[in-house]
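Notes follow the structure.
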Amino acid sequence: MTPETAATLARAVHEDGPRVLATLIRHLGGDFQLAEDALQDAYAAAVTAWPRDGVPTVPAAWLTTAARRRAIDRLRQARSLDARIETLAAAAAREAPGHEPPTDAMDETSTLTDDRLRLLFTCCHPALSLPSRVALTLKSLGGLTTAQTAQAFLVSEAAMYQRLVRAKRKIAAAGIPYRVPPDELLPERLAGVQLVIYLIFTEGHTASEGERLTRPDLCQESIRLGRLLARLMPDDAETLGLLALLELTDARHDARTGPAGEAIDLEHQDRSRWDHARIEAGRAALARAARLGQPGPYQLKAAVAETHARATSFAATDWDRIGRLYAELHRREPTPVVAVSLAVAAGFAGEPLTGLRVLDAVE
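Residue numbering for the sequence shown is 146 to 508, as defined by this note's numbering.
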């Protein structure tokens, strides 16, 4: 296999794999394991076919067709001749033999958009434990292998494999539907999805274990998931606020540690090392959220990050504005962490007594 072909396959696995997996899970009635096995079979087939026949025009469409056929083979081998074979066979019959699948098989306007949204909500179902939700989301939609997911949690691959197996069994046993929740359940369930993405980023931004202060791999995966959710739900203000928060916060990544990996606080960071393209992306997402007129906690946190981003120096920071933002956030989320942030902002704004009163209330 040439380096170019190998690079194309690697890119398809990482970028298109989650989309293909989402469609396979729908066709297979929510069978995560069979869908994953069939997709791995398709990757193996591509290793042989693409160097021989050439890279397909639409790699994701090729993988979808190959995986669907491998799933049929696996079902027949297992003698599980049920409705899933009929669904897959009907889809395969629509494709002319010997021809590459049509490009619209991967069109963003197709059911794949809904499939990825269904998969995201299924992975984040409240019936699953929070660690299982995070792991399954990283594995299924983050495009990570089991080994990479285990590394993200700093556990053994065997332990992660068992965690993922238990989560998939719970989905099957509890009959968790593979769908976007109905309107009356959407706000609560969407908040759970947002929380999972936020927790992945939080662990990456300040690692709870290990020798490193940050986990850039987790930060990047959470941002990718945030962008995906924002594309799938472009009219949800808090989803846009979450994306803005991730972009604006991660923009400071390169300046947060020194040569030896030591932490550098905000006051002493070299602001020329901040990623200004990411700052602009965060500002754009926050502006879109503001236009929807539905302020929420993620937007308030993003506005704090944006206030820091616009300051040319620590001394030039608009602490009055940050204090007002934290005050509103504390009204909505009266947690100790928010209270301490409010007290710090009050102190920098020249109102230390106000800050002390906030801390007294926390105690």
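For each residue, glycine too, the CB sits at the ideal point set by N, CA and C.
Beta-bridge pairing of residue i - partner residues as DSSP gives them
i: Ala408; result: Thr402
C-beta contact flag for residue i and residue j at 7 angstroms
i: Arg334; j: Phe266; result: yes
i: Ile342; j: Gly371; result: yes
i: Ala114; j: Val503; result: Past the boundaries of the shown model lies residue 114; the chain is included only from 146 to 508, so the question cannot be answered.
i: Ala400; j: Asp415; result: yes
i: Leu179; j: Leu173; result: yes
i: Trp268; j: Leu281; result: It should be noted that the sequence gives Cys, not Trp, for residue 268. Yes, Cβ-Cβ distance for Cys268 and Leu281 is below 7 angstroms.
i: Leu437; j: Ala382; result: yes
i: Ala494; j: Trp464; result: yes
i: Leu374; j: Thr384; result: yes
i: Ala312; j: Leu273; result: yes
i: Leu324; j: Arg263; result: For the sequence presented, residue 324 should be read as Arg rather than Leu. Closer than 7 angstroms, so yes.
i: Ala183; j: Ala216; result: yes
i: Phe346; j: Leu299; result: no
i: Thr150; j: Val200; result: yes
i: Gly287; j: Glu407; result: no
Where residue i falls: helix, strand or coil (DSSP)
i: Glu366; result: helix
i: Met378; result: coil
i: Thr168; result: helix
i: Gln414; result: coil
i: Leu431; result: helix
i: Asp463; result: coil
i: Pro440; result: coil
i: Gly199; result: coil
i: Pro479; result: coil
i: Ala157; result: helix
i: Gly174; result: coil
i: Ser486; result: helix
i: Glu181; result: helix
i: Gly495; result: coil
i: Asp505; result: helix
i: Thr254; result: Confidence in Thr254 is poor, its pLDDT being 42 and thus under 50, which makes the residue's placement too unreliable to answer from.
i: His244; result: Caution is warranted here: a pLDDT of 46 is assigned to His244, below 50, making its placement in the model unreliable, and the coordinate value is therefore given only provisionally. Correct three-state label for His244: coil.
i: Leu391; result: helix
i: Arg397; result: coil
i: Met146; result: coil
i: Val449; result: helix
i: Ala456; result: coil
i: Arg357; result: coil
i: Asp249; result: Only weak support exists for where Asp249 lies, its pLDDT of 41 falling under 50; the value from the coordinates is given anyway. Note: Asp249 maps to helix in three-state DSSP.
Residue closest to residue i, alpha-carbon to alpha-carbon, out of the options
i: Asp338; options: Thr150, Ile170 and Met378; result: Correcting the residue type first, residue 338 is Val in the shown sequence and not Asp. Of the candidates Thr150, Ile170 and Met378, the one whose C-alpha sits nearest the C-alpha of Val338 is Met378.
i: Asp509; options: Val203, Asp395, Ala375 and Glu149; result: Absent from the structure is residue 509, since the part of the chain shown begins at 146 and ends at 508.
i: Asp259; options: His350, Arg171 and Leu220; result: Arg171
i: Leu470; options: Met146, Leu445 and Asp505; result: Leu445
i: Leu283; options: Gly162, Pro440, His421 and Arg213; result: Gly162
i: Val158; options: Ser285, Trp419 and Thr347; result: Ser285
i: Ile321; options: Phe493, Gly500, Gly492 and Asp176; result: Asp176
i: Glu412; options: Val200, Ala454, Lys315 and Thr359; result: Ala454
i: Ala211; options: Ala194, Arg221 and Gly199; result: Ala194
i: Val489; options: Arg477, Ile467 and Val200; result: Ile467
i: Ala187; options: Asp198, Ala506, Val203 and Arg213; result: Arg213
i: His398; options: Leu388, Ala375 and Leu358; result: Leu358
i: Asp310; options: Ala336, Pro327, Arg477 and Arg278; result: For clarity, residue 310 is Val in the given sequence; the question names Asp instead. Measuring from the Cα of Val310, the nearest candidate turns out to be Arg278.
i: Leu388; options: Ala352, Trp419, Asp410 and Leu340; result: Leu340
i: Met305; options: Lys315, Ala292 and Lys313; result: Ala292
i: Glu478; options: Ala430, Gly441, Val325 and Thr402; result: Gly441
i: Arg428; options: Ser417, Gln439, Val449 and Ala303; result: Val449
i: Leu344; options: Cys364, Ala205 and Arg197; result: Cys364
i: Lys315; options: Thr351, Ile424, His270 and Pro332; result: His270
i: Asp410; options: Trp207, Phe459, Thr209 and Arg376; result: Phe459
i: Val507; options: Gly492, Val482 and Ala491; result: Val482
i: Trp419; options: Ala434, Glu302 and Thr457; result: Thr457
Complete alpha helix (DSSP H) runs within the region 309-353 (minimum length 4 residues, chain order):
The region 309-353 contains these whole alpha helix (DSSP H) runs: 331-350.
Within the region 259-290, note down every full alpha helix (DSSP H) run reaching 4 residues or more, in order along the chain.
Counting whole runs of 4 or more residues, the region 259-290 contains the alpha helix (DSSP H) stretches 275-285.
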